[in-house]
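In the numbering used here, the protein residues as written are 3 to 385. Heads up, the beta-carbon is just placed ideally off N, CA and C, and yes, glycines get one too.
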């Protein structure tokens, strides 16, 4: 309980979709609980429809989807991969595991996405790929970034963990790169506890991706009757989720539009009702450029400094509201210093990491609780 006597409003609460428990029971009773079963096929079909992708493979996590993308690029030790410093550690880990060097670039102050103006100067003769992260489900400047990648013959990968269902211009996020990764972690808009997917937008990747996902074997081709026995073909791992996970995900994907409607309602209410307070207190609200349809995945505020950010989170906690910070810069982390390099300074990333606070945002956040969060924010006095 909080000091207000009311139950604490959590930062996140996973939504249980309408058919979720029924599908889990069905998956158990049908006797096919390992990977690539009936619900895997159903969830994959829904995901392809939602993203417009011709090829999609469910994975055990977005982290594993990123690791698969690194394997598909055949990265060698010393190859460089450009990415933002303001992202989750998996974005860098996936490529460092192959011996590649993450090259960290600063973010924009408005969207907190990778600053597209800094990418070209980070390219060297060892650069193999650019990885973009659509922070909070707001699209990066994909026209500019795609042109840079094409001009230099680089692979473009979208870490779309936040961006399922969003678009940049008239194209869905996840459709710009040769590959894109999705997350269905419990904190995401659509979730199955732990899960992910790899979207494949380039001809020729699907066959190898399927092999890599199934421990480096052509097992799927064997079960389709395309080969007489399955063999070890190349390096891979077990990136296949069980059909139980896919059953949960199927129900979530079927409820996608409803989940998004609820989340956008909360996001917009925060944005509108906190606007005057934010301007009066030099607090920045999320930036969404024209032409970007976002996912309402995160609602954040950028406080004037670290002291205020920490004080703000503590104040909300005493009011029974759980707020939290977000990423710490990768370029200055111990592993970032060991395995990566920074293309140039990352002052925006460092400032954002110290100033950012995220508010509770989930599909089942009721109107009364939204009002409590807003009241708690409005009662904070910036010093």
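- Cβ-Cβ distances below 7 Å link residue 144 to 170 and 178 in the same chain, with the five nearest sequence neighbours on each side left out; the list follows chain order.
- Cβ contact annotation for residue 291 (same chain, cutoff 6 Å, sequence separation greater than five): none.
- Its chain contains 308 as the residues whose beta carbon lies nearer than 6 Å to that of residue 356, once the 5 sequence neighbours on both sides are disregarded; these appear in chain order.
- DSSP, reduced to helix, strand and coil, places residue 291 outside both helices and strands of the structure shown, so it counts as coil.
- Closest in alpha carbon position to residue 63, among 163, 32 and 86, is 163.
- Looking from the CA of residue 359, the closest CA among 312, 335 and 349 belongs to 312.
- Annotation note: the segment 112-186 contains the following uninterrupted alpha helix (DSSP H) runs of length 4 or greater, listed N- to C-terminal: 144-154.
- The residues 253, 254 and 257, in chain order, have a CB closer than 6 Å to that of residue 19 in the same chain once the five nearest residues on each side in sequence are set aside.
- Residue 107 sits close to residue 124, with the two beta carbons spaced by under 7 Å.
- In summary, residue 93 is buried, with 16 or more beta-carbon neighbours lying within 10 Å of its beta-carbon over all protein chains present.
- The shortest CA-to-CA distance from residue 70 to any of 9, 378, 186 and 207 is the one to 207.
- DSSP places residue 105 inside the beta strand (DSSP E), whose first and last residues are 103-107.
- Assignment of residue 382 by DSSP, reduced to helix, strand and coil, places it in the coil class.
- Counting the other Cβ atoms within 10 Å of the Cβ of residue 365 gives 16 or more, which makes it buried.
- Look at the beta carbons and you see the segment 211-230 not touching the segment 287-303: under three pairs across the two are nearer than 8 Å.
- Between residue 109 and residue 103, the C-beta gap is not smaller than 7 Å, which leaves the two residues out of contact.
- Three or more beta-carbon pairs separated by less than 8 Å link the segment 50-57 to the segment 191-205, which places the two stretches in contact.
- Residues 332 of the same chain have their beta carbon placed closer than 7 Å to that of residue 91, with the five preceding and five following residues left out of the count.
- Counting only residues of its own chain and dropping the five nearest sequence neighbours on each side, residue 296 has a CB closer than 6 Å to the CB of 139, 140, 168 and 290.
- As for any alpha helix (DSSP H) of minimum length 4 sitting wholly inside the segment 192-229, the runs are 207-215 and 221-225, ordered along the chain.
- When DSSP states are grouped into helix, strand and coil, residue 243 belongs to the coil group.
- By the neighbour-count criterion, in which 16 or more other beta carbons inside 10 Å mark a residue as buried, residue 146 falls on the exposed side.
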